[in-house]
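Undergrad: Structure in structure tokens, see below.
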Amino acid sequence: MNILTQTMKNEGFFALYKGMASPLLGIAGVNSLLFASYAISKRIVSPFPELSLPEIATAGAMAGAANSILASPVEMFKVRMQGQYGAKGDKKLSKVFWDMWREYGFKKGVMRGFWATVAREIPAYAGFYTGYEFAKRKFRSKYGNQVPVWGLLASGSCGGICYWLSCYPLDVVKSRVQLANAPPKGLDYIAQELRAICNFDPPMWPTFKTEHPFKETNVLPEDVRLATLAFGFTTGFGYFVVWHAIKQTHKIRKRTAYIIMCWLEVAACLTLAILSWLFIIEVIGHSFWIYFVIVTLWALQLQLLLQIIVSRICILLPSSSQRSWLKFTVAVWIVLISISVYCIWIPAKLQISEKWIRVNLYWDHIEKILYLFTDAALNIMFIRLIRQRLVSRGVSGFFCSAPATIDPAKLKKYDKLVALNSRMIVISLSMDVIIIGMLSYRNDLVYMQFHPVAFMVKLEIEMCMSRLMLKVAKSTGIEEGPRSDHPEELHTASGRGVSVHVTTQVITRTDNLGVDYESGHGPEGDDIPPPLYGSDLEGQFQLSDLDPVVKAGQDTTGIAKDKKTIQWAIGGRERVGSSSSQHSDLSLK
């Protein structure tokens, strides 16, 4: 704010537009090259019109690299125009251009800082296009293809924020290179500028005054052994978690939020385990940044794991608004807890004052207990929902909007499922209790090593429960029926007929390879079921008001697909084509 007021006071309002001539003249060529490069890059990355977000990021990075050819000189002249500090003899754009050309030539003058610009543009436009497309697709999923104007504005804002978050440090390096009096030397001039920034006096990172001299934590040999034991368990058990995640990833062709969160959780756990262990054995020293990174990884662990739990609950919530509000509420709640830890735990570890140390002594326990209660509340909510959907209402309750009278003997396997889920949840919550217990250990550095242990175990439990939910969703849905040329297979165990009102949805051209699943696949019209892509539960199984209704008092074991009318298209990337709904009454006797 002081810079703004001083600039306007000394140079006037139009000083805020200093250097505008360069981008104003060059913006047409820069944007033309950018959008043309992006269109070509998309065709190179994928032959399909609808790209995934990682593919969009790749195409944006390629477009940014190509765009640097024109963006570099435009940025260079803009920076040098802005670097003139209010002297009466400020040079005009033409004067700046000819001075650079005569003194340094084309390569070291006009194109100065080209590689720094390339380094900036690659992450910048990868972030811009990814952020824009992500926000736009969210609005499109809610409002259809006719996204409102304010939605497009919000999408553009999201893209702009991602642009600068992705490239701002490199933009500082580029500006320093282009504003320097002499051209850079050597191929590693970007690294040289980064080192120069880090060696500033005062430094570019926070420094703090403490009430008393900093006291190093005394780490005993038994502390190191206990921390090493926890680190070894994290890496050893992590092998099975990674293998489980790989298997689930291979089953899902489309990289969904569930899979991404699982991999991010694995990465956060392993990174925190390595970092904490190196800190305990004194390979990494005490600093603000080590504590900042530890809290950041811890916050990511909490947020990702709870969002995975929420995605499991969302399978059983019929309303999209309920699912959105649950995700949003949990995310905001964990962000607030994380902010409090940033504000209290880091000053306490830096030993700023005795007050922060005392506050952290209590708050460290309180925030862990708050997380335990949050975890427990979400899991209790899940158990209640699954009892209502699977046990109380039976097989039909998972897909039907009307309750059915079901033989209790047929629900034993679902009682066992709920009991198994309950036991797994108890184990998961016990991991939180272990973390709270480790807070009482004499060396508070050791308990940090148990965070990755607990969260790695909790992640494995979540993936196992996701697999169980997938089996439940398949087993309680409309199963593949026997062929009509074997009438003896159409009888139920009790011999009673089943009348089912089925809502079917026919979708063509859903697979990203262009495979159309139509009735009558295979020889003689045999039904070939489309592939299921693994355990992205929320994406595959969500309740709606269009679920089939099973009439009360009727058996459900004979529910079967009508191979001429029912087609399931799940997990495809490109959901294009005609979609129609049909209702049919099947009578199985």
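Every number in the numbering used here is 447 more than the matching position in the sequence shown, counting from 1.
Every residue gets a Cβ at the ideal spot worked out from N, C-alpha and C, and that includes glycine.
Owing to the predicted nature of the structure, the values given are computational and were not obtained by experimental measurement.
1. Alpha helix (DSSP H) containing His697: first to last residue?
2. Since Ile833 and Asn868 are thought to touch, with beta carbons under 8 Å apart, how far apart are those beta carbons, to the nearest angstrom?
3. Measuring straight from C-alpha to C-alpha, what distance separates Ser622 and Cys614?
4. Comparing alpha-carbon positions, which option in Asn478, Ser479, Met509, Gly473 lies nearest Gln490?
5. Would Phe460 be called buried (16 or more neighbouring beta carbons within 10 Å of its own) or exposed?
6. Okay, do the segment 565-578 and the segment 514-523 touch, 3+ Cβ pairs below 8 Å being the bar?
7. Relative to the C-alpha of Trp562, which residue among Asn478, Glu522, Phe680 is closest?
8. What residues in its chain sit with their C-beta under 8 Å from that of Leu876, if we drop five residues either side in the sequence?
9. Quick one: using the 10 Å Cβ neighbour count with 16 as the cut-off for buried, is Leu673 buried or exposed?
10. Could you spell out the range, first to last residue, of the alpha helix (DSSP H) harbouring His812?
11. Check whether the segment 657-667 and the segment 879-886 touch, using three or more Cβ-Cβ pairs below 8 Å as the test.
12. Quick check: what's the CA-CA separation for Tyr894 versus Asn665?
13. Which value, in whole angstroms, describes the spacing of the CA atoms of Ser604 and Val594?
14. Mind checking whether Val596 and Glu907 have CB atoms under 8 Å apart?
15. Can you name the start and end residues of the alpha helix (DSSP H) that Met467 belongs to?
16. Are Ala573 and Gly507 closer than 8 Å when you measure CB to CB?
17. May I ask which residues mark the beginning and end of the alpha helix (DSSP H) holding Gln754?
18. Output the distance between the C-alpha atoms of Leu783 and Ser913, rounded to the nearest integer angstrom.
19. Buried or exposed: which applies to Glu729, given that a residue is buried once 16 or more other Cβ atoms fall within 10 Å of its Cβ?
20. Touch check for the segment 540-553 and the segment 477-484: three-plus C-beta pairs under 8 Å?
21. From Ala475 to Ile727, what distance separates their C-alpha atoms?
22. What separation, rounded to the nearest whole angstrom, lies between the Cα atoms of Asp670 and Ala677?
23. For Val596, report the span of its alpha helix (DSSP H) as first-last.
24. Are the beta-carbon atoms of Met871 and Gly685 separated by less than 8 Å?
25. Would you mind sorting Ile786 into buried or exposed? The rule is 16 or more other CB atoms within 10 Å of its CB.
26. Rounded to the nearest angstrom, how far is the Cβ of Gly560 from that of Gly578, given a contact under 8 Å?
27. With H, G and I counted as helix, E and B as strand and the rest as coil, what does DSSP make of Val543?
28. Within 8 Å, do at least three Cβ pairs link the segment 747-754 to the segment 706-719?
29. Checking 8 Å against the spacing of the C-beta atoms, do Ala720 and Thr776 come in under that value?
30. With H, G and I counted as helix, E and B as strand and the rest as coil, what does DSSP make of Lys662?
TA: The structure says:
1. Counting along the chain, the alpha helix (DSSP H) containing His697 begins and ends at 668-698.
2. So it is a contact: roughly 7 Å between Cβ atoms.
3. For Ser622 and Cys614, the distance between alpha carbons rounds to 12 Å.
4. The question names Gln, but residue 490 in the sequence shown is Arg. The candidate whose alpha carbon is nearest that of Arg490 is Met509.
5. Exposed.
6. With the cut-off at 8 Å, the segment 565-578 and the segment 514-523 touch.
7. Of the residues Asn478, Glu522, Phe680, the one whose Cα lies closest to the Cα of Trp562 is Glu522.
8. Around Leu876: Leu819, Asp822, Ala823, Asn826.
9. Leu673 is buried by the Cβ-count criterion.
10. Taken as a continuous stretch (DSSP letters only), the alpha helix (DSSP H) holding His812 covers 801-833.
11. Counting C-beta pairs with one atom in each stretch, the segment 657-667 and the segment 879-886 have fewer than three that are closer than 8 Å, which means they do not touch.
12. Their backbone Cα atoms lie some 14 Å apart in a straight line.
13. One Cα belongs to Ser604, the other to Val594, and the distance between them is close to 15 Å.
14. No. Outside cutoff.
15. Counted as a single uninterrupted DSSP element, the stretch harbouring Met467 is not any alpha helix (DSSP H), since DSSP gives it neither H nor E.
16. Between Ala573 and Gly507, the gap from beta carbon to beta carbon is short of 8 Å.
17. Unbroken alpha helix (DSSP H) run through Gln754: 735-761.
18. Those two C-alpha atoms are separated by around 28 Å.
19. So Glu729 ends up on the exposed side.
20. No, the segment 540-553 does not touch the segment 477-484.
21. Whole-angstrom Cα-Cα distance: 55 Å.
22. For Asp670 and Ala677, the gap between their C-alpha atoms comes out near 11 Å.
23. Per DSSP, Val596 belongs to the alpha helix (DSSP H) from 596-626.
24. Contact: no.
25. When all chains shown are included, Ile786 counts as exposed.
26. Not really, about 25 Å apart at Cβ, beyond 8 Å.
27. In the structure shown, Val543 sits in a helix (DSSP, three-state: H, G or I).
28. Between the segment 706-719 and the segment 747-754 there are three or more inter-stretch CB-CB distances shorter than 8 Å, so the stretches are counted as touching.
29. Contact check for Ala720 against Thr776 fails: the beta carbons are separated by 8 Å or more.
30. Note: Lys662 maps to coil in three-state DSSP.
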